[in-house]
Amino acid sequence: MILTTKDARDMSSYLCLVLVCMMVEYELRFAISWRFIKAEIVVRNSLFRAMVIEDWKNCCISKKFPSYRNSRVITAFGWLVSKREDDEAEGLWRIRDTLYDFTNFIDKHPGGSFWLKETKGTDITELFEAHHLSTMPASLIDSYKVREAMNERIYTLTMHENGFYQTLKRRVRDKLPTIDVKRKSNSDNIHLALLSSTFLSVVLTARWNSLLLLILAGTLLCWTVIAAHNYFHRRDNWRMYTFNLAMLNVCGWRISHAMSHHMYPNSYWDLELSMFEPFLCWIPNEHMKTLTLRYMSFLIEPLVYAMTFLLDYLTRISYSIRCTNIMYWHDLLTFTIPLSMYLCSDLTLFMCLRQWLIIIMVASFAFCVIGLNAAHHDPEIYHEGDAVREDRDWGLFQVDTIIDRSDLKSSQFLVLTHFGDHCLHHLFPTLDHGILPELYPIFYETLDEFKGQLREYNHFQHILGQHRQLLRVTSNLKPPGLM
1 MILTTKDARD MSSYLCLVLV CMMVEYELRF AISWRFIKAE IVVRNSLFRA
51 MVIEDWKNCC ISKKFPSYRN SRVITAFGWL VSKREDDEAE GLWRIRDTLY
101 DFTNFIDKHP GGSFWLKETK GTDITELFEA HHLSTMPASL IDSYKVREAM
151 NERIYTLTMH ENGFYQTLKR RVRDKLPTID VKRKSNSDNI HLALLSSTFL
201 SVVLTARWNS LLLLILAGTL LCWTVIAAHN YFHRRDNWRM YTFNLAMLNV
251 CGWRISHAMS HHMYPNSYWD LELSMFEPFL CWIPNEHMKT LTLRYMSFLI
301 EPLVYAMTFL LDYLTRISYS IRCTNIMYWH DLLTFTIPLS MYLCSDLTLF
351 MCLRQWLIII MVASFAFCVI GLNAAHHDPE IYHEGDAVRE DRDWGLFQVD
401 TIIDRSDLKS SQFLVLTHFG DHCLHHLFPT LDHGILPELY PIFYETLDEF
451 KGQLREYNHF QHILGQHRQL LRVTSNLKPP GLM
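For the sequence shown, position 320 (counting from the first letter as 1) is numbered 320 according to the UniProt record's numbering, and the numbering increases by one without interruption.
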């Protein structure tokens with residue numbers, strides 16, 4: 001299927017019109033709200049202490065309603081600023097009820113300095129436990145202890161030594177030495193093949209001007225980005241930067257995905273809920289989504305899917321110009337794609353940029369179709385406002401917020417490119433996806449002991465459930481374990 005000159009011109013005009021509208025919208029939005037955003041950052045503490053919390057804002061996993069949700073523009077940076085205020089860690093790092101000063105350890109941290117730099121002044125209990133399977137870090141931090149915290153933790157989820165998560169963690173730690181490491185190298189090979197195929201397809205798209213190849217290039221870019229997600233949960237490595245090829249940013253996603261979504265899924269603290277609101281709102285709360293918005297979300301959903309990557313990039317640029325810089329050198333990596341198209345074809349620079357933007361939109365659409373229908377949204381899944389089980393174990397909470405994909409488990413390629421083995425990945429984010437299948441016998445055994453259940457749907461069932469969740473406004477009165 002060949003893209004004619006007229007078709008290309010029409011598509012280009014439409015895309016340019018959309019981009020102009022987006023830029024106008026963002027200029028107006030930031031012009032109106034900038035003075036208020038700045039004021040909120042300066043007087044945030046006093047403002048939120050005086051804020052009246054309605055009943056519907058009561059958070060099921062914390063004693064506070066997260067203050068970042070009162071900001072007019074929601075970003076990963078703003079989430080961290082608010083978390084420092086809400087957690088009251090006194091400018092240090094809090095693990096359970098103890099304060100630590102890791103200032104002199106930041107540059108020595110084996111996982112990279114980013115994790116400690118960004119989390120200073122916050123409660124990192126869940127992050128610390130989920131990202132360290134070894135017992136060594138727990139013994140090392142004693143030398144950085146300052147004192148006991150003055151206030152109780154605001155988070156009500158637990159990690160008791162004999163609870164579900166710590167029991168499972170000990171069993172996984174004992175199992176790991178017996179697992180074949182070749183499965184990890186398979187993930188590396190799949191990622192490298194996807195990366196190479198992406199650049200080959202974009203070059204062929206530019207040379208042959210084919211619509212079919214353009215769609216293929218966007219799909220391969222989407223799969224490369226999802227596969228790269230396997231790597232940014234770990235210590236710094238080159239593969240994680242391939243996440244940036246689609247206008248996303250690995251640092252921003254380490255905050256919004258690893259620190260926010262992974263630790264507090266489907267709660268008010270989850271940025272992967274709030275960043276889509278009010279266009280797509282999965283929290284079953286009539287105060288947050290009117291009847292019109294509920295049904296409008298079905299109509300605007302395709303546009304939101306296609307524009308997510310572009311809007312993410314534009315938001316970070318605007319925020320960096322008007323507020324605080326949140327752009328990095330590796331944000332330029334996304335331009336290696338149009339550069340490759342320009343150097344390896346006879347197309348003009350304008351034509352290369354035009355085709356690249358369409359590829360980005362295809363990748364964005366595919367990413368949302370996969371990601372937003374991967375595991376977390378269905379009326380049977382816990383969302384903020386639903387009843388929670390009596391056992392507040394953090395690991396069981398993760399299980400209750402997930403229904404896994406049953407149609408992926410037979411293929412490591414599908415697991416790596418479609419957010420498969422999702423529940424185990426949430427519980428042990430630093431482990432390679434290739435290793436996770438070996439842990440299922442232990443996982444099922446521990447679930448049975450603690451009355452948990454791993455639920456599974458195919459992708460079609462997830463898509464139906466996600467749209468039913470967009471319409472739901474009534475809270476589940478029974479916890480997931482009793483439904």
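For each residue, glycine too, the CB sits at the ideal point set by N, CA and C.
Between the CA atoms of residue j and residue i - distance to the nearest angstrom
{"i": "G112", "j": "R239", "result": "14 Å"}
{"i": "T219", "j": "L424", "result": "26 Å"}
{"i": "F122", "j": "H261", "result": "The sequence given here has Thr at residue 122, not Phe. Spanning the two alpha carbons is a distance of roughly 16 Å."}
{"i": "T324", "j": "S256", "result": "17 Å"}
{"i": "N476", "j": "D107", "result": "46 Å"}
{"i": "I435", "j": "Q412", "result": "10 Å"}
{"i": "G78", "j": "P379", "result": "29 Å"}
{"i": "R94", "j": "E148", "result": "9 Å"}
{"i": "P278", "j": "K63", "result": "24 Å"}
{"i": "R96", "j": "D391", "result": "18 Å"}
{"i": "N209", "j": "M341", "result": "11 Å"}
{"i": "L427", "j": "K289", "result": "31 Å"}
{"i": "L454", "j": "H160", "result": "21 Å"}
{"i": "K478", "j": "G385", "result": "11 Å"}
{"i": "I124", "j": "H109", "result": "15 Å"}
{"i": "L470", "j": "L280", "result": "7 Å"}
{"i": "F309", "j": "I360", "result": "7 Å"}
{"i": "H229", "j": "L408", "result": "17 Å"}
{"i": "Y155", "j": "A306", "result": "35 Å"}
{"i": "G91", "j": "A193", "result": "44 Å"}
{"i": "T401", "j": "T205", "result": "40 Å"}
{"i": "G420", "j": "P437", "result": "10 Å"}
{"i": "S140", "j": "E301", "result": "The sequence shown places Leu at residue 140, rather than the Ser named in the question. L140 and E301: Cα-Cα distance of roughly 48 Å."}
{"i": "D87", "j": "L213", "result": "49 Å"}
{"i": "F460", "j": "D346", "result": "42 Å"}
{"i": "L396", "j": "E272", "result": "20 Å"}
Residue i versus the options, residue with shortest Cα-Cα distance
{"i": "L439", "options": "S71, R170, L140, K289", "result": "R170"}
{"i": "C344", "options": "L200, I95, Y155, C59", "result": "L200"}
{"i": "F443", "options": "Q166, I226, E380, L333", "result": "Q166"}
{"i": "D393", "options": "F298, N162, L471, T119", "result": "N162"}
{"i": "I370", "options": "A258, G78, V415", "result": "V415"}
{"i": "V388", "options": "Y68, L157, A76, D87", "result": "L157"}
{"i": "D174", "options": "D346, S134, A228", "result": "S134"}
{"i": "A227", "options": "V250, R468, A206", "result": "V250"}
{"i": "R294", "options": "H467, L214, S410", "result": "H467"}
{"i": "V473", "options": "T292, M259, L116, R235", "result": "T292"}
{"i": "I403", "options": "H376, P429, P437", "result": "H376"}
{"i": "Y100", "options": "F114, L80, N70, A138", "result": "A138"}
{"i": "residue 545", "options": "E152, I61, D55, F232", "result": "An answer regarding residue 545 cannot be provided, because it is not within the stretch 1 to 483 covered by the chain."}
{"i": "M247", "options": "T334, A306, E118, M259", "result": "T334"}
{"i": "L431", "options": "D86, L221, A130, R69", "result": "A130"}
{"i": "L116", "options": "R235, A217, D188", "result": "R235"}
{"i": "L245", "options": "W223, S410, M259", "result": "W223"}
{"i": "V172", "options": "A217, H132, E272", "result": "H132"}
{"i": "H462", "options": "Q398, L396, C368, L447", "result": "C368"}
{"i": "N202", "options": "N189, F243, P338", "result": "At residue 202 the sequence reads Val, which differs from the Asn that was named. When each option's Cα is compared against that of V202, the closest is P338."}
{"i": "L216", "options": "V362, F276, T242", "result": "V362"}
{"i": "K57", "options": "N237, L299, I283", "result": "I283"}
Residue burial classification, residue i (beta-carbon count within 10 angstroms, cutoff 16)
{"i": "E40", "result": "Only weak support exists for where E40 lies, its pLDDT of 39 falling under 50; the coordinates are left without a value."}
{"i": "I321", "result": "exposed"}
{"i": "K145", "result": "exposed"}
{"i": "P480", "result": "buried"}
{"i": "N373", "result": "buried"}
{"i": "H287", "result": "exposed"}
{"i": "Y319", "result": "buried"}
{"i": "M150", "result": "exposed"}
{"i": "G252", "result": "buried"}
{"i": "P429", "result": "buried"}
{"i": "T348", "result": "exposed"}
{"i": "E54", "result": "exposed"}
{"i": "T446", "result": "buried"}
DSSP beta-bridge partners of residue i
{"i": "Y155", "result": "S62"}
{"i": "T98", "result": "I95, E148"}
{"i": "E456", "result": "D404"}
{"i": "D123", "result": "R94"}
{"i": "D188", "result": "According to DSSP, D188 bridges with nothing at all."}
{"i": "D393", "result": "T158"}
Cutoff 8 Å: residue i Cβ touching any chain C Cβ
{"i": "D391", "result": "The chain labelled as chain C is not found in the depicted structure, where only one protein chain is given."}
heavy atom of the ligand ATP below 7 Å from residue i C-beta
{"i": "L439", "result": "Ligands displayed in this structure: none; no statement on the ligand ATP is therefore possible."}
query: Any chance the stretch 339-357 sits against the stretch 93-106, with 3 or more Cβ pairs inside 8 Å?
result: no
message: Whether or not the stretch 329-336 and the stretch 263-273 are in contact is what I'm after, with contact meaning three or more pairs of Cβ atoms, one per stretch, closer than 8 Å; do they touch?
response: no
- prompt: Counting pairs of beta carbons, one from the stretch 191-198 and one from the stretch 64-77, are three or more of them closer than 8 Å?
  reply: Here the stretch 191-198 makes no contact with the stretch 64-77; the two share fewer than three CB pairs at distances below 8 Å.
- prompt: Taking one C-beta from the stretch 308-317 and one from the stretch 177-189 each time, how about it: are there three or more such pairs within less than 8 Å?
  reply: no
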